[in-house]
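Undergrad: Structure in structure tokens, see below.
Number of protein chains: 2
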Amino acid sequence: MAERLVTMEHTLRVLLEGKKYSTLKDVLITMNGADVAAVFEEIDPVGIPKLFRLLPKELAAETFVEMEPEVQELLIRGFSDAELHDVIEELYVDDAVDLVEEMPANVVKRILAQADPQMRREINDLLRYPENSAGSIMTTEYVSLRPGMTVAEAIARIRRTGVDKETIYTCYVTRDRKLLGTVSVKDLLLAADDDAPVTQIMDENVISVNTMDDQEKVAQMLSKYNFLALPVVDNDNLLVGIITFDDAMDVLEEETTEDIEKMAGMLPSDKNYLRSNAWDLFKHRIPWLALLMVSATFTGMIITGFESALAAQVVLTAFIPMLMDTGGNSGSQASVSIIRALSLGELEFADLPKVAWKEIQTAVLCGATLSILCFGKIMLVDRMLMGNTDITVITAFVVCFTMAMTVLVAKLIGCSLPMCAQKLGFDPAVMASPFITTIVDALSLLVYFGIANALLF
Amino acid sequence: MAERLVTMEHTLRVLLEGKKYSTLKDVLITMNGADVAAVFEEIDPVGIPKLFRLLPKELAAETFVEMEPEVQELLIRGFSDAELHDVIEELYVDDAVDLVEEMPANVVKRILAQADPQMRREINDLLRYPENSAGSIMTTEYVSLRPGMTVAEAIARIRRTGVDKETIYTCYVTRDRKLLGTVSVKDLLLAADDDAPVTQIMDENVISVNTMDDQEKVAQMLSKYNFLALPVVDNDNLLVGIITFDDAMDVLEEETTEDIEKMAGMLPSDKNYLRSNAWDLFKHRIPWLALLMVSATFTGMIITGFESALAAQVVLTAFIPMLMDTGGNSGSQASVSIIRALSLGELEFADLPKVAWKEIQTAVLCGATLSILCFGKIMLVDRMLMGNTDITVITAFVVCFTMAMTVLVAKLIGCSLPMCAQKLGFDPAVMASPFITTIVDALSLLVYFGIANALLF
Numbered sequence: 003m004a005e006r007l008v009t010m011e012h013t014l015r016v017l018l019e020g021k022k023y024s025t026l027k028d029v030l031i032t033m034n035g036a037d038v039a040a041v042f043e044e045i046d047p048v049g050i051p052k053l054f055r056l057l058p059k060e061l062a063a064e065t066f067v068e069m070e071p072e073v074q075e076l077l078i079r080g081f082s083d084a085e086l087h088d089v090i091e092e093l094y095v096d097d098a099v100d101l102v103e104e105m106p107a108n109v110v111k112r113i114l115a116q117a118d119p120q121m122r123r124e125i126n127d128l129l130r131y132p133e134n135s136a137g138s139i140m141t142t143e144y145v146s147l148r149p150g151m152t153v154a155e156a157i158a159r160i161r162r163t164g165v166d167k168e169t170i171y172t173c174y175v176t177r178d179r180k181l182l183g184t185v186s187v188k189d190l191l192l193a194a195d196d197d198a199p200v201t202q203i204m205d206e207n208v209i210s211v212n213t214m215d216d217q218e219k220v221a222q223m224l225s226k227y228n229f230l231a232l233p234v235v236d237n238d239n240l241l242v243g244i245i246t247f248d249d250a251m252d253v254l255e256e257e258t259t260e261d262i263e264k265m266a267g268m269l270p271s272d273k274n275y276l277r278s279n280a281w282d283l284f285k286h287r288i289p290w291l292a293l294l295m296v297s298a299t300f301t302g303m304i305i306t307g308f309e310s311a312l313a314a315q316v317v318l319t320a321f322i323p324m325l326m327d328t329g330g331n332s333g334s335q336a337s338v339s340i341i342r343a344l345s346l347g348e349l350e351f352a353d354l355p356k357v358a359w360k361e362i363q364t365a366v367l368c369g370a371t372l373s374i375l376c377f378g379k380i381m382l383v384d385r386m387l388m389g390n391t392d393i394t395v396i397t398a399f400v401v402c403f404t405m406a407m408t409v410l411v412a413k414l415i416g417c418s419l420p421m422c423a424q425k426l427g428f429d430p431a432v433m434a435s436p437f438i439t440t441i442v443d444a445l446s447l448l449v450y451f452g453i454a455n456a457l458l459f
Numbered sequence: 003m004a005e006r007l008v009t010m011e012h013t014l015r016v017l018l019e020g021k022k023y024s025t026l027k028d029v030l031i032t033m034n035g036a037d038v039a040a041v042f043e044e045i046d047p048v049g050i051p052k053l054f055r056l057l058p059k060e061l062a063a064e065t066f067v068e069m070e071p072e073v074q075e076l077l078i079r080g081f082s083d084a085e086l087h088d089v090i091e092e093l094y095v096d097d098a099v100d101l102v103e104e105m106p107a108n109v110v111k112r113i114l115a116q117a118d119p120q121m122r123r124e125i126n127d128l129l130r131y132p133e134n135s136a137g138s139i140m141t142t143e144y145v146s147l148r149p150g151m152t153v154a155e156a157i158a159r160i161r162r163t164g165v166d167k168e169t170i171y172t173c174y175v176t177r178d179r180k181l182l183g184t185v186s187v188k189d190l191l192l193a194a195d196d197d198a199p200v201t202q203i204m205d206e207n208v209i210s211v212n213t214m215d216d217q218e219k220v221a222q223m224l225s226k227y228n229f230l231a232l233p234v235v236d237n238d239n240l241l242v243g244i245i246t247f248d249d250a251m252d253v254l255e256e257e258t259t260e261d262i263e264k265m266a267g268m269l270p271s272d273k274n275y276l277r278s279n280a281w282d283l284f285k286h287r288i289p290w291l292a293l294l295m296v297s298a299t300f301t302g303m304i305i306t307g308f309e310s311a312l313a314a315q316v317v318l319t320a321f322i323p324m325l326m327d328t329g330g331n332s333g334s335q336a337s338v339s340i341i342r343a344l345s346l347g348e349l350e351f352a353d354l355p356k357v358a359w360k361e362i363q364t365a366v367l368c369g370a371t372l373s374i375l376c377f378g379k380i381m382l383v384d385r386m387l388m389g390n391t392d393i394t395v396i397t398a399f400v401v402c403f404t405m406a407m408t409v410l411v412a413k414l415i416g417c418s419l420p421m422c423a424q425k426l427g428f429d430p431a432v433m434a435s436p437f438i439t440t441i442v443d444a445l446s447l448l449v450y451f452g453i454a455n456a457l458l459f
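Note that the protein sequences, when read in sequence, are chains U and P. Residue numbers in the first sequence follow this note's numbering, run continuously in steps of one, and reach 459 at the last position. Residue numbers in the second sequence follow this note's numbering, run continuously in steps of one, and reach 459 at the last position.
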């Protein structure tokens with residue numbers, strides 16, 4: 003795909019410079035909204051409004067939705083009121099809400115002024131829901147059917163009203179806005195009897211979500227049940243909107259990126275990498291870097307406390323990085339596995355004993371293997387090959403025993419911290435490698451110097 | 003959801019023990035296949051076949067597909083040939099292929115024996131595609147329309163043949179299996195004229211994928227274009243199948259988990275956490291742990307090389323963990339941001355200069371901030387508060403200068419290694435924190451002792 007877009011971008015630029023507008027239009031209408039948006043991102047912003055005006059209404063709206071907020075703002079500022087009205091007219095309500103949330107206040111004012119009264123009311127209604135709630139990502143444009151309708155009447159209603167709906171494939175049977183059941187277009191089309199009431203073929207075991215539910219939970223339900231859309235009900239159990247699978251896919255992608263950023267010790271950002279400048283990156287990265295740097299004071303204090311021992315046995319210092327890195331890696335393996343399983347809903351707090359026992363067994367296996375490897379490496383490479391006669395069998399034993407203990411401590415902390423964090427209502431992703439490394443570092447140094455003190459001096 | 007299932011599991015167990023089969027059946031048919039499967043996972047395996055036999059055919063198939071391979075195998079081994087035939091009959095071809103891929107050889111033989119000849123041929127055809135290719139996850143059950151059909155004829159064909167198709171909502175207009183265009187049921191239902199030829203309303207700008215394309219690429223295209231399904235063509239450009247959005251969501255989830263596991267220095271696993279035993283976890287974790295432990299030999303050698311300097315200035319040792327951790331954290335922030343952006347297709351190799359420049363600027367900002375903080379901390383906490391008079395202004399300067407250099411090196415390596423890995427055809431996720439930490443550790447120690455040597459001795 004990438005190659006195709008690169009060539010396309012060149013072609014469009016040449017055509018635009020040559021003012022070949024009718025060719026340009028013919029080329030653009032062969033493309034998909036997402037691709038047109040991608041090409042627009044690459045060309046000189048000055049040309050975008052010209053190109054955009056060449057698009058037919060529907061493709062223009064599709065393209066508009068897929069563009070980055072900066073480009074959307076640029077276009078809106080260049081639009082006449084009539085042009086703005088046309089674009090907003092074609093948007094689905096949930097996309098209009100997303101747009102309003104991204105734009106500065108004066109642009110929002112113009113958008114709301116150009117929206118139809120009905121749409122303006124719906125936008126305002128949706129804007130009231132908290133960020134990341136089901137209400138904030140739902141759309142109010144769904145097909146509702148009355149329980150008294152027959153299959154034929156239902157199909158007729160879909161044909162009459164479907165054009166503005168975000169999906170027609172799942173329809174909602176309601177009485178006084180109370181959701182009685184769902185019926186798919188597939189069921190309607192494949193129904194044996196056109197005169198059967200929709201209540202006869204509808205599915206009454208409706209799975210719905212509340213407007214205040216977390217968007218990530220909703221997205222995971224759509225993914226789990228393979229639904230095209232999920233109905234959203236308010237606290238009185240009345241149907242207020244639907245969330246479609248495409249929005250769920252976007253939410254899952256966004257939430258996963260956030261989790262990954264947190265696991266790597268960054269504050270989550272809603273801009274993508276290329277759109278963030280160095281200052282943005284700095285702001286998202288410095289808090290954890292600074293906090294973790296300051297907390298490394300403890301490891302420093304531990305080393306200072308054993309300074310005299312280290313001065314007598316400088317060879318011990320050489321193994322500090324290896325012990326710390328192995329501890330950090332062991333801990334991050336456990337914590338990252340657990341954080342991912344938590345976010346996929348595979349684990350809950352009640353599983354902690356099972357998880358801890360599994361990690362202890364794994365730690366014993368890993369610790370034993372690493373210690374044996376490490377002992378061999380120290381005696382063969384460090385002592386014999388490098389001829390470092392300061393290293394005795396006892397030194398090697400101290401290092402390897404510390405290694406095994408470090409792995410055990412790291413795996414236990416790595417698995418239990420994220421689960422406890424979630425239980426306490428914190429985000430488990432924050433309890434990932436950088437945070438755990440700091441704790442494991444301190445503990446492993448204490449073990450190291452403790453054993454060294456006992457055996458070597 | 004979790005709470006609901008827990009109660010449900012208890013209810014079912016009590017009903018099963020009391021042999022209340024008709025109540026059990028009434029309860030089960032109110033549930034969704036995914037939920038029934040989740041409940042089955044929790045109860046004693048002995049009871050599963052009994053409960054499964056209570057399910058109506060369609061729900062039984064839905065449930066079967068959602069169960070873990072171990073439970074599927076247990077059920078199949080307990081099935082009579084007739085029961086097995088009924089379940090396979092109800093499966094979509096792509097689900098049947100997934101099943102065959104998971105089962106041991108003797109179970110596969112029984113499955114293929116009980117499948118209809120047509121289905122058996124399709125399963126065998128799909129099994130030939132390489133793992134993780136578009137061909138391996140597609141289904142051959144789609145609605146195809148002939149170009150000569152009118153809208154009314156197309157709708158009639160969907161109503162006649164749609165029942166066995168994985169989706170009816172996107173239909174494919176083909177001539178001699180060559181794909182001419184796609185038409186959605188929405189377009190058909192909303193068409194103004196029932197006698198218009200489908201060729202008139204179909205979308206000719208078809209976006210398709212090749213059977214050999216990577217499944218992750220396909221899933222990302224579905225997510226990008228918000229399509230319900232993507233057509234899959236062979237090397238002769240003939241339509242051979244489709245991939246639906248629900249399979250794409252599963253692929254994205256799976257591939258993201260793999261990426262996260264690799265980033266944390268684990269071999270990716272296709273079992274989920276609770277299903278893996280300690281031995282599985284050990285096998286996936288020990289290779290990177292061992293490799294990284296051995297590679298820490300270099301850091302050890304560097305320290306040994308400066309042993310005499312360290313013996314004279316033991317205070318330098320106390321800052322090693324802080325420098326190493328800050329380097330590791332800085333590097334993993336950069337590498338993880340880049341790896342995620344690469345896997346979402348937001349970055350390509352040509353962006354490397356732009357990325358490197360952004361990381362240099364960020365590194366300067368982070369490095370400067372951390373150095374100032376660190377200088378203050380060393381002079382105030384370590385020297386004045388703790389009264390460690392070994393620490394001079396020059397020592398603090400050496401530490402802070404190393405800190406700034408380490409952050410710079412870490413960010414540069416962190417951003418460039420994953421991009422180069424991808425360019426060379428390796429998986430960028432492997433170039434994440436643990437790997438980069440080892441390199442950054444060694445470089446930062448060299449800088450540290452180099453400057454210390456120049457300024458302190």
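The beta-carbon is built from N, C-alpha and C at its ideal position, and this holds for glycine as well. None of these values were measured; they are calculated from a predicted model.
Going by Cα to Cα distance, which pick from U:T404, U:E263 and U:Y174 is closest to V208 (chain U)?
TA: The option with the nearest alpha carbon to V208 (chain U) is U:Y174.
Undergrad: Based on Cα-Cα distance, which residue from U:V41, U:T169 and U:T184 lies nearest to T176 (chain U)?
TA: U:T184
Undergrad: Looking only at its own chain, which residues have a Cβ that is under 6 Å from the Cβ of R287 (chain P), when we skip the five neighbours before and after it?
TA: M268
Undergrad: Let me know the alpha helix (DSSP H) ranges lying completely inside the segment 134-169 of chain U, each 4 residues or longer, listed in chain order.
TA: 136-139 and 153-163
Undergrad: Counting only runs that start and end within the segment 76-115 of chain U, where is the alpha helix (DSSP H) found for 4 or more residues in a row?
TA: 83-92 and 95-104
Undergrad: Between M405 (chain U) and M295 (chain P), what straight-line distance do the alpha-carbon atoms span, to the nearest angstrom?
TA: So the alpha carbons of these two residues sit roughly 10 Å apart.
Undergrad: Relative to the C-alpha of A250 (chain U), which residue among P:F437, P:M140, P:L240 and P:L230 is closest?
TA: Closest by alpha carbon: P:L230.
Undergrad: Could you tell me which chain P residues have their CB closer than 7 Å to the CB of I209 (chain U), listed as they occur along the chain?
TA: N34
Undergrad: May I ask which residues mark the beginning and end of the alpha helix (DSSP H) holding K285 (chain U)?
TA: A280 to S297
Undergrad: So, for V253 (chain P): in the same chain, excluding its five sequence neighbours on each side, which residues have a beta-carbon less than 7 Å away from its beta-carbon?
TA: Here the set comprises I139, Q217, E218 and A221.
Undergrad: What residues in the segment 424-447 of chain U have a beta carbon less than 8 Å from any beta carbon of chain P?
TA: Contacts with chain P (Cβ-Cβ distance below 8 Å) from the segment 424-447 of chain U involve S435, P436, T439, T440, D443 and L447, listed in chain order.
Undergrad: Are I90 (chain P) and Y275 (chain U) closer than 9 Å when you measure CB to CB?
TA: No Cβ-Cβ contact shorter than 9 Å links I90 (chain P) with Y275 (chain U).
Undergrad: Do you know whose CA, among P:L232, P:T152, P:V442 and P:R55, lies nearest G80 (chain P)'s CA?
TA: P:R55
Undergrad: Should I244 (chain U) be flagged as near chain P, meaning a C-beta pair shorter than 9 Å?
TA: no
Undergrad: Among U:A39, U:K52, U:P289 and U:D37, which has the Cα closest to the Cα of L17 (chain U)?
TA: Nearest C-alpha to L17 (chain U) among U:A39, U:K52, U:P289 and U:D37: U:K52.
Undergrad: Check whether the Cβ of Q335 (chain P) lies closer than 9 Å to any Cβ atom in chain U.
TA: Residue contact check for Q335 (chain P) against chain U: a CB pair falls below 9 Å.
Undergrad: Please determine if the segment 302-314 of chain P and the segment 364-374 of chain U are in contact, where contact requires at least 3 C-beta pairs separated by less than 8 Å.
TA: In the pairwise beta carbon analysis, the segment 302-314 of chain P is classified as not touching the segment 364-374 of chain U: fewer than three pairs are separated by under 8 Å.
Undergrad: When you compare each of U:D248, U:T246 and U:L291 to K264 (chain U) by their alpha carbons, which one comes out closest?
TA: U:L291
Undergrad: Using a C-beta to C-beta distance shorter than 8 Å, which residues of chain P count as neighbours of P476 (chain U)?
TA: Residue 476 (chain U) lies beyond the stretch modelled for chain U, which goes from 3 to 459, so this question has no answer here.
Undergrad: Which chain U residues are close to G164 (chain P), counting only those with a beta carbon under 8 Å from its beta carbon?
TA: K188, L191 and L192
Undergrad: What does R159 (chain P) touch in chain U if you count any residue whose Cβ is under 9 Å from its own?
TA: Residues of chain U passing the Cβ test: none, with the nearest at roughly 11 Å.
Undergrad: DSSP three-state label for K180 (chain U), please.
TA: strand
Undergrad: Is R15 (chain U) near I50 (chain U), with beta carbons less than 9 Å apart?
TA: no
Undergrad: Would you check if the distance between the CB atom of D96 (chain U) and the CB atom of L128 (chain U) is smaller than 9 Å?
TA: yes
Undergrad: Going by CA-CA distance only, name the one from P:S210, P:E168, P:M151 and P:L181 that's closest to D197 (chain P).
TA: It is P:M151.
Undergrad: Measuring straight from C-alpha to C-alpha, what distance separates T439 (chain U) and E361 (chain U)?
TA: 17 Å
Undergrad: Contact defined as beta carbons within less than 8 Å: I believe E19 (chain P) pairs with A39 (chain P). What is the distance between those atoms, to the nearest angstrom?
TA: In fact, because the Cβ distance is near 21 Å, the residues do not count as touching under 8 Å.
Undergrad: Between M3 (chain P) and L346 (chain P), what straight-line distance do the alpha-carbon atoms span, to the nearest angstrom?
TA: In this prediction, M3 (chain P) scores a pLDDT of 39, lower than 50, which makes its location untrustworthy; the coordinate-derived value is nonetheless stated afterwards. Their Cα atoms are separated by approximately 30 Å.
Undergrad: In terms of residues, what are the limits of the alpha helix (DSSP H) holding I374 (chain P)?
TA: I374 (chain P): member of the alpha helix (DSSP H) spanning L354 to K379, first to last residue.
Undergrad: In chain U, which residues lie less than 9 Å from T394 (chain P) when you measure between Cβ atoms?
TA: Correct list: empty, because the minimum Cβ distance to chain U is about 15 Å.
Undergrad: Note the first and the last residue of the continuous beta strand (DSSP E) segment covering L414 (chain U).
TA: It is not in any beta strand (DSSP E) - L414 (chain U) instead sits in the alpha helix (DSSP H) that spans V395 to K425.
Undergrad: May I have the straight-line CA-CA distance separating T13 (chain P) from K59 (chain P), to the nearest angstrom?
TA: 23 Å
Undergrad: Does the Cβ-Cβ distance between T246 (chain U) and T163 (chain U) come in under 9 Å?
TA: With respect to the 9 Å criterion, T246 (chain U) and T163 (chain U) are not classified as neighbours on the basis of their beta carbons.
Undergrad: What are the uninterrupted segments assigned as beta strand (DSSP E) that are 3 or more residues long and contained completely in the segment 214-280 of chain P, given in chain order?
TA: 231-235 and 241-246
Undergrad: With 16 other CB atoms within 10 Å as the buried threshold, where does P149 (chain P) fall?
TA: exposed
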